[in-house]
Every structure is written in structure tokens, then in C-alpha cells.
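Participant: Chains as they are written, first to last, in the numbering used here: chain A, 100 to 435; chain B, 100 to 435.
All C-beta atoms, glycine included, are put in the ideal place defined by N, C-alpha and C.
None of the values given here were measured: they were computed from a predicted structure.
This is the structure I want to talk about, given as C-alpha cells.
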DNA sequence: ATGAAAGCGCTAACAT
DNA sequence: ATGTTAGCGCTTTCAT
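Below is the structure:
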């Protein structure tokens with residue numbers, strides 16, 4: 100593979116001149132420019148970015164670390180990030196943590212080694228101080244989706260509390276009195292906040308005593324298992340709030356296996372919509388976060404910091420969620 | 100950020116000794132090793148990978164270029180690639196082409212600049228010789244999912260012809276006589292091959308005259324629009340083969356809007372399954388390709404080449420597809 | 001308008 | 001067992 104030296108030799112100039120042509124800075128006479136460009140074309144020269152990056156300490160690369168790229172929510176976030184980053188000449192590298200702090204640390208270290216210019220991080224846990232490594236290194240970063248201790252960073256997340264509150268309120272207005280929430284791990288602020296919004300709505304209605312809270316993981320299995328538990332409880336809830344899309348799927352499967360119809364026998368509402376690209380007939384009543392927007396906005400914050408155009412104070416953006424009422428929720432079955 | 104020099108100074112040794120400790124090669128006395136490790140810990144030193152990469156011309160990074168990471172099929176492939184790559188100390192960077200050759204070239208060039216060690220490429224077109232840049236550069240690469248001209252590379256893809264053949268055969272056995280296929284662009288071998296398998300099955304049954312072929316894109320809109328067209332055609336097909344998951348969704352939406360029931364009024368079969376993680380009740384009769392396997396296998400081929408352990412001849416792996424018969428297909432409505 | 005020297009962080013090759 | 005030198009590919013700085 101040719102390097103800048105080979106191009107220079109072929110064009111009969113110094114490497115420096117080639118560099119000037121490539122980067123379009125400094126004075127180059129039209130004649131030499133053409134000779135250099137010809138040489139570049141003939142050799143199919145592609146500059147090695149490692150050299151300049153080593154010098155300039157900029158790689159024009161952003162790191163996106165999410166829990167699992169297999170979840171359509173995160174792929175949509177990723178597209179938002181990628182599109183925004185590309186528009187500014189940046190590219191992204193993605194890592195999956197599978198909610199494991201160890202994997203997260205592996206990725207952060209790897210990406211730090213690679214000298215990425217900034218991070219977009221969905222912390223694997225809201226407890227442990229995932230971001231401290233980054234903070235100590237002084238690498239700009241933005242926290243997505245979840246809260247972590249501290250304030251010296253930008254962050255973007257959906258309004259979990261309000262979303263859960265509105266979803267619950269919707270159920271109460273339909274007449275439900277016994278409502279259950281199935282949520283994620285306690286060390287995820289999203290799991291926690293959604294329970295908080297849920298409880299707030301119930302308290303306001305004076306129904307705190309009739310609530311059920313199931314803590315699990317943000318996956319289908321949690322939805323399935325805890326729905327079965329909820330169905331066996333007394334009094335049996337007439338509505339379930341699934342704290343994310345995967346839990347909702349698990350819940351629906353458990354209800355189907357139990358021979359129950361939604362919403363006739365039991366109502367289901369969920370956090371996070373499923374992408375319209377993969378749903379035939381949107382069915383769930385949801386609190387929908389605009390994932391693409393979240394990715395785009397977070398990237399904007401990061402790029403502003405990198406450009407030195409960000410304000411001194413860190414920004415915390417809480418995106419509104421949209422409540423979409425569809426077919427999975429209805430009035431409770433009339434008790435006999 | 101500290102560099103190897105800072106660590107060396109703090110430990111009272113030469114940079115070379117620090118390097119030996121980091122990489123665990125060469126002789127280092129237990130005493131100095133400990134001093135060096137202490138210095139590394141105190142300074143929270145993370146080696147800059149750019150230096151070694153510049154020298155060794157290896158970045159331990161693989162590039163994965165797909166059409167759209169938003170399609171669950173590709174995210175599953177991506178996980179297969181990532182898991183395999185990580186297990187061998189490699190990491191991946193992902194790019195989306197959106198089926199555009201221009202975007203694809205942008206990404207290839209960018210990744211080439213970054214000196215990735217190898218490529219996993221889903222070509223944006225089967226016509227233009229997407230891979231020639233890579234071949235000329237001598238960078239190892241594997242072609243995924245689609246065929247492109249030439250043979251000097253490894254490739255992995257699903258058995259599109261057989262999958263479409265079996266799917267069509269299934270419809271014919273149910274008694275369907277008028278069948279339509281809605282597929283992707285003509286310059287995608289997958290679109291092409293699925294039509295070939297479809298036609299082969301019809302020919303064998305002597306029903307070639309009763310077929311309809313709609314060429315579009317591998318997206319929902321194509322499924323929707325051409326299903327409408329098919330419904331208006333005479334004779335109206337009693338079954339539709341959707342050549343991928345997104346088309347199938349569009350088809351279902353069009354049928355729903357037309358007030359038709361599946362499979363009572365019309366049957367639908369599709370290529371590519373939807374991940375079970377995001378489906379409540381698997382409904383489609385499909386030819387399922389194991390996406391994860393595809394990613395894993397392709398990565399294995401690539402890693403073998405990088406390790407110099409691959410055979411001289413290039414390998415072309417055609418993965419079997421699994422026909423899963425579910426609820427979307429049934430006998431044609433009895434004609435009056 | 002063009003070129004030469006030096007150095008970004010690291011390590012292979014060669015001392016000692 | 002440890003250290004020195006040189007160079008990977010490029011560009012900033014300082015000539016000319």
C-alpha cells in the first residue's frame with residue numbers, strides 16, 4: 100500500500116506538498132496540484148489516518164456504548180447518532196455491554212486506547228460510577244437514557260416518571276383499581292423512575308394499597324415470569340404496566356398462554372414503542388420515546404463540547420414521551 | 100493523559116521496560132515489574148493504540164458494512180460478528196450503506212483510512228463491483244448475504260433459491276395456483292435468487308403462466324404497494340411470497356387495509372423470520388436464515404485469513420434455510 | 001510556492 | 001535483565 104512518500108516521489112515533489120494537496124491548505128501551484136492529484140489517482144492512494152491522529156490527537160471517531168444493539172430501541176438511537184455524527188465528519192464505533200459492568204469497562208478501555216474523541220454512554224448500571232474513568236481522563240461524554248451519580252456531564256433521557264405516571268393515570272381513568280408494574284433492575288434509573296411515576300399516580304388516586312411492583316430485568320423472560328406471578332396473586336390485577344418493550348412481549352405471551360384476551364380480560368400498557376417497520380398492526384398503548392431524537396440530540400451535545408462551543412454548565416435534557424392509546428388497554432372486566 | 104514515558108519516569112525505568120510489562124514479553128525482574136505496575140495503576144495509564152498500530156500495521160479492528168442496522172436481521176448478524184470477533188481479541192466498527200453505493204464507498208474509504216484489518220461486507224449492489232477496491236488493496240474481506248461478480252474472496256449467504264423454492268412448493272401443496280412474489284431490486288442477488296426459486300417450483304408444477312413477479316425494494320412500502328397491485332390484478336393471486344421480513348409487514352398491512360383475512364382469504368409466506376424477542380405470537384410461515392450464524396461464520400472465515408490459516412482457495416458457504424410453517428399460510432379459499 | 005526537520009506513542013532490533 | 005536507536009505515516013514549524 101502506497102504512502103505519502105510514494106505519491107510524492109511519483110509526482111516529483113516533497114511529501115509536504117502532497118499533504119497540502121490532500122488537505123487543501125497552504126499554497127500549491129495549479130500545475131503541481133494536478134501532478135499530485137494524478138499520482139494519487141494512479142496509485143489509488145488512501146491516506147493512513149493513524150499518522151495524523153497520532154500527531155493531532157483527534158480521530159474524528161465517536162464511541163457509542165449501549166446495552167444491546169439487538170433491541171430496536173437502541174438501533175434507532177444508533178441511527179440518530181450515526182446520521183448526526185456523519186453530517187459533521189465523524190464516524191462511530193459501537194459496543195454492547197449486555198448490561199454488564201465488566202463488558203462496559205472492557206469497551207471503554209478499548210475505545211480509550213483507540214483514542215476516540217468522545218463517548219455516548221448508556222451506563223450498564225446507575226449505581227456504580229461507570230463514568231468516572233471517562234471523567235478522570237477528561238474525555239468528553241454524554242450519558243444516555245439513564246441517570247448516574249454526579250453532574251459533571253451532559254445527559255439526555257426520556258421522561259420516565261411522567262411517562263409511567265400518564266400510563267397509569269390512563270388505566271385508572273378506565274376504571275382499573277388493581278394495577279401491577281413489571282420493571283427492570285433496581286440499579287437502573289429507568290426501572291426505578293417508572294415505578295416512581297406509577298406509584299405517584301396510584302397515590303393521587305388513593306389506591307396505593309392495590310399496587311403490585313415486580314422488579315426483574317428489561318427482557319422478555321421477566322415479562323413472562325412476573326405476569327404469571329401476577330395472575331396468581333390475589334387480588335389479581337386487571338391491568339399491567341410493562342416497563343419496556345421486551346417486558347411487554349413477555350407479558351403478552353404469558354397472557355396468551357393463560358388464555359386471557361387483551362384488553363377484554365386484562366389491559367396492558369407499555370413503555371417504549373415497537374418500530375412501525377416491524378409491526379403489522381400497532382397494538383400496544385405505549386409511552387413512546389423518540390429514540391432517533393435521543394441519539395441525535397445526545398450527539399449534538401457531544402459535538403458541541405468537542406467544538407468547544409458548549410456552555411460551561413452541563414446540560415440535562417429530559418425528552419417528553421408521547422402517550423399513544425391503542426388497543427391493548429380498555430376498561431376492566433365488570434366484576435360479577 | 101500520561102504516556103509510556105511518564106510511566107517509565109515514575110517507575111524509574113526505560114519506556115521499553117514498561118512496554119515489556121504491558122505486553123508480557125521479554126524479561127522483566129519481578130521487582131521492576133511490580134514498580135512498573137504500580138506506576139501504571141497510579142497514573143491510570145491506558146496505552147495509546149495508535150502508536151503500535153502505526154508500526155505493526157494491525158489495528159485488531161474489523162469493519163462490518165451492512166445496509167441498515169435498523170433491520171433486526173442485520174443487528175442479529177452484527178451480534179454474531181461482534182461476539183466472534185471479541186472472542187479473538189478483535190473489535191468491530193459498523194457502517195450503514197442504506198443500499199447506496201456512494202455511502203458504501205464512503206465507509207470503505209473511511210475504514211481503510213483507519214487501517215481496519217479486514218472487512219465483512221454486505222454489498223449495496225450485486226452489479227457494480229463493490230469489492231474491487233478492497234481486492235486491489237489486498238485487504239482480506241468476506242462478502243455476506245449477497246453475490247457479487249468474481250470469486251477471489253470468501254462469502255457466506257443463505258440459500259435463497261432453495262428457501263423460495265420450498266416456500267412456493269408449500270403453497271402449491273396447499274392447493275394454490277395463482278401465486279405472486281414481491282421482491283427487492285434486480286441488482287440484489289437475494290432478490291433475484293428468490294424469484295428463481297419461486298419460478299422453479301412453479302415450472303415444475305406446470306404453473307408458470309399463473310405467476311406474478313413484482314420487483315421493488317426490500318422495504319415495507321414495496322410490500323404495501325405491490326400487494327395492492329396484486330389484489331387488483333386478474334386473476335387475483337391466492338397467495339403471496341414476500342421476499343423479506345419488511346416486505347411481509349407491508350403486505351400484511353395492505354391486506355388488512357383491504358379487509359382480507361390471512362390465511363382464510365389469502366396466504367402469505369415470507370423470507371426471514373422476525374426475532375422472537377419482538378414478536379408476541381409468531382405468525383408468518385417463513386424461510387428462516389440464522390442471521391447470528393451467518394455473522395459468526397463469516398467472521399470465522401475472516402479471522403482464519405488474518406491468521407494465515409485459511410486455505411488458498413476461497414470458500415463460498417451457503418447456509419441452509421429452515422422452513423417454519425405457521426399460521427399465515429393455508430389452503431386457498433374455495434372458489435365458488 | 002515548496003521543502004527539511006522534528007516528533008506524535010509505541011516497540012522490534014540491537015546493544016550492554 | 002534493562003536500555004538505546006530508529007522508524008511506522010503524517011503534518012506543524014520553520015526555512016528558503
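Considering only residues of the same chain and omitting the five flanking positions on each side of residue 435 (chain A), which have a CB-CB separation below 6 Å?
Facilitator: Counted from its first residue, the first chain places residue 435 (chain A) at position 336. For residue 435 (chain A), the predicted structure reports a pLDDT of 41, less than 50, and the residue's modelled location is therefore unreliable. The matter cannot be settled from this model.
Participant: At what residues does the beta strand (DSSP E) containing residue 144 (chain A) begin and finish?
Facilitator: As a working note, residue 144 (chain A) is residue 45 in the first chain. Element bounds for residue 144 (chain A): n/a, residue is neither H nor E.
Participant: Give the secondary structure of residue 366 (chain B) by DSSP, where H, G and I count as helix, E and B as strand, and everything else as coil.
Facilitator: Against the second chain, residue 366 (chain B) aligns to sequence position 267. Note: residue 366 (chain B) maps to strand in three-state DSSP.
Participant: Tell me the residue span of the alpha helix (DSSP H) that contains residue 126 (chain B).
Facilitator: As a first step, residue 126 (chain B) must be located in the second chain, where it is residue number 27. Element bounds for residue 126 (chain B): n/a, residue is neither H nor E.
Participant: Against chain A, with Cβ distances strictly below 9 Å, would residue 122 (chain B) count as a contact?
Facilitator: Here residue 122 (chain B) corresponds to residue number 23 of the second chain, with the count starting at 1. Cβ-Cβ to chain A under 9 Å: no for residue 122 (chain B).
Participant: Could you give the first and the last residue of the continuous alpha helix (DSSP H) run that contains residue 323 (chain B)?
Facilitator: Residue numbering aside, residue 323 (chain B) sits at position 224 when the second chain is read from its first letter. Unbroken alpha helix (DSSP H) run through residue 323 (chain B): 319-331.
Participant: Can you pull the DSSP bridge partners for residue 418 (chain A)?
Facilitator: Taking the first residue of the first chain as position 1, residue 418 (chain A) is located at position 319. A:257, per the DSSP bridge assignment.
Participant: Per DSSP, which one or two residues make a beta bridge with residue 195 (chain B)?
Facilitator: For the purposes of this step, residue 195 (chain B) is taken as residue 96 along the second chain, with counting starting at 1. DSSP output for residue 195 (chain B) lists B:165 as bridge partner(s).
Participant: For residue 234 (chain B), count neighbouring C-beta atoms within 10 Å of its own C-beta (all shown protein chains included) and say buried if the count is 16 or more, exposed if not.
Facilitator: Start at 1 with the first residue of the second chain, and residue 234 (chain B) comes out as number 135. Result: exposed.
Participant: Can you tell me which of the three DSSP states residue 104 (chain B) falls into?
Facilitator: Numbered from its first residue, the second chain carries residue 104 (chain B) at position 5. Helix.
Participant: What span of residues does the beta strand (DSSP E) with residue 217 (chain B) cover, start to end?
Facilitator: Residue numbering aside, residue 217 (chain B) sits at position 118 when the second chain is read from its first letter. Counting along the chain, the beta strand (DSSP E) containing residue 217 (chain B) begins and ends at 217-220.
Participant: For residue 213 (chain A) and chain B, any beta-carbon pair shorter than 9 Å?
Facilitator: For the purposes of this step, residue 213 (chain A) is identified with residue 114 of the first chain, where counting begins at 1. It does; some Cβ of chain B falls within 9 Å.
Participant: In this structure, what does DSSP give as the bridge partners for residue 85 (chain A)?
Facilitator: Limits of chain A in this structure are 100 at one end and 435 at the other, which puts residue 85 (chain A) out of reach.
Participant: So, for residue 339 (chain B): in the same chain, excluding its five sequence neighbours on each side, which residues have a beta-carbon less than 6 Å away from its beta-carbon?
Facilitator: Taking the first residue of the second chain as 1, we reach residue 339 (chain B) at position 240. Closer than 6 Å at the Cβ level, and outside the excluded window around residue 339 (chain B), lie 279, 350 and 367.
Participant: On the three-state DSSP scale, how would you describe residue 269 (chain B)?
Facilitator: Sequence index remark: in the second chain, residue 269 (chain B) carries index 170 (1-based). Reduced to three states, the DSSP call for residue 269 (chain B) is helix.
Participant: Need the endpoints of the alpha helix (DSSP H) that residue 71 (chain B) sits in, please.
Facilitator: Because chain B here runs from 100 to 435, residue 71 (chain B) falls outside it and cannot be looked at.
Participant: Can at least three beta-carbon pairs, one atom from the region 232-250 of chain B and one from the region 296-305 of chain B, be found at a separation below 8 Å?
Facilitator: Result no; under three Cβ-Cβ pairs closer than 8 Å.
Participant: In chain B, which residues lie with their C-beta within 9 Å of the C-beta of residue 380 (chain A)?
Facilitator: Mapped onto the first chain, residue 380 (chain A) falls at position 281. The contacting residues are 351, 352 and 355.
Participant: Determine, using beta carbons only, whether residue 390 (chain A) and residue 172 (chain A) come nearer to each other than 9 Å.
Facilitator: Stepping through the first chain from its first residue, residue 390 (chain A) is reached at position 291. Stepping through the first chain from its first residue, residue 172 (chain A) is reached at position 73. It is a contact, given that the beta carbons lie within the stated cut-off.
Participant: Nearest chain A C-beta to residue 448 (chain B) closer than 9 Å, yes or no?
Facilitator: Not covered by the structure: residue 448 (chain B). The range shown for chain B is 100 to 435.
Participant: In the DSSP output, which residue or residues are listed as bridge partners for residue 135 (chain A)?
Facilitator: By 1-based counting over the first chain, the position of residue 135 (chain A) is 36. Note: residue 135 (chain A) sits in no beta bridge, so no partner.
Participant: Please identify the residue among B:169, B:265, B:102 and B:293 whose C-alpha is closest to the C-alpha of residue 374 (chain A).
Facilitator: Along the first chain, one-based indexing puts residue 374 (chain A) at 275. Of the listed residues, the one whose Cα sits closest to residue 374 (chain A) is B:169.
Participant: For residue 428 (chain B), which of helix, strand or coil comes out of DSSP?
Facilitator: To locate residue 428 (chain B), count along the second chain from 1; it is residue 329. Coil at residue 428 (chain B), not helix or strand.
Participant: For residue 133 (chain B), is the classification buried or exposed, using 16 other Cβ atoms within 10 angstroms of its Cβ as the cut-off for buried?
Facilitator: Within the second chain, residue 133 (chain B) is the residue found at index 34, counting from 1. Result: exposed.
Participant: Should the region 383-399 of chain B be regarded as contacting the region 177-184 of chain B, the criterion being three or more beta carbon pairs within less than 8 Å?
Facilitator: In short, these stretches touch, since the Cβ pair count reaches three.
Participant: Under 9 Å, Cβ to Cβ, is there at least one residue of chain B near residue 174 (chain A)?
Facilitator: Sequence index remark: in the first chain, residue 174 (chain A) carries index 75 (1-based). Residue 174 (chain A) counts as touching chain B.
Participant: Under 7 Å between beta-carbons, which chain B residues line up against residue 152 (chain A)? List them in chain order, please.
Facilitator: Working through the first chain from its first residue, we reach residue 152 (chain A) at position 53. Those are 149, listed as they occur along chain B.
Participant: Listing by chain order, which chain B residues have their CB less than 7 Å from the CB of residue 143 (chain A)?
Facilitator: The residue labelled residue 143 (chain A) in the question sits at position 44 within the first chain. Going along chain B in sequence order, the residues near residue 143 (chain A) (Cβ under 7 Å) are 235.
Participant: Taking the alpha helix (DSSP H) that residue 409 (chain B) belongs to, which residues open and close that run?
Facilitator: Along the second chain, read from residue 1 onward, the residue named residue 409 (chain B) stands at position 310. Where residue 409 (chain B) is concerned, there is no enclosing alpha helix (DSSP H), given that its DSSP letter is neither H nor E.
Participant: Taking the alpha-carbon positions, what's the residue 163 (chain B) to residue 218 (chain B) distance?
Facilitator: Indexing the second chain from 1 puts residue 163 (chain B) at position 64. Indexing the second chain from 1 puts residue 218 (chain B) at position 119. Taking the straight line joining both Cα atoms gives about 6 Å.
Participant: Could you check if residue 250 (chain B) is buried or exposed, using at least 16 other CB atoms within 10 Å of its CB as the buried criterion?
Facilitator: By 1-based counting over the second chain, the position of residue 250 (chain B) is 151. Result: exposed.
Participant: Please go through the same chain and pick out, in chain order, the residues whose beta-carbon is closer than 6 Å to the beta-carbon of residue 319 (chain A), but skip the five residues on each side of it.
Facilitator: For the purposes of this step, residue 319 (chain A) is taken as residue 220 along the first chain, with counting starting at 1. 345, 348 and 349, listed in sequence order.
Participant: Any Cβ of chain B within less than 9 Å of the Cβ of residue 331 (chain A)?
Facilitator: By 1-based counting over the first chain, the position of residue 331 (chain A) is 232. For residue 331 (chain A), the answer is no, since every Cβ of chain B falls outside 9 Å of its Cβ.
Participant: Could you tell me the alpha carbon to alpha carbon distance between residue 193 (chain A) and residue 203 (chain A), rounded to whole angstroms?
Facilitator: Mapped onto the first chain, residue 193 (chain A) falls at position 94. Mapped onto the first chain, residue 203 (chain A) falls at position 104. So the two alpha carbons sit approximately 11 Å from each other.
Participant: Less than 7 Å between C-beta atoms, sequence neighbours within five positions excluded: which residues of the same chain meet that for residue 247 (chain B)?
Facilitator: Counted from its first residue, the second chain places residue 247 (chain B) at position 148. Correct list, in chain order: 222, 225, 228, 229 and 230.
Participant: So what's residue 347 (chain B) in DSSP terms, helix, strand or just coil?
Facilitator: Against the second chain, residue 347 (chain B) aligns to sequence position 248. DSSP places residue 347 (chain B) in helix when its eight states are reduced to three.
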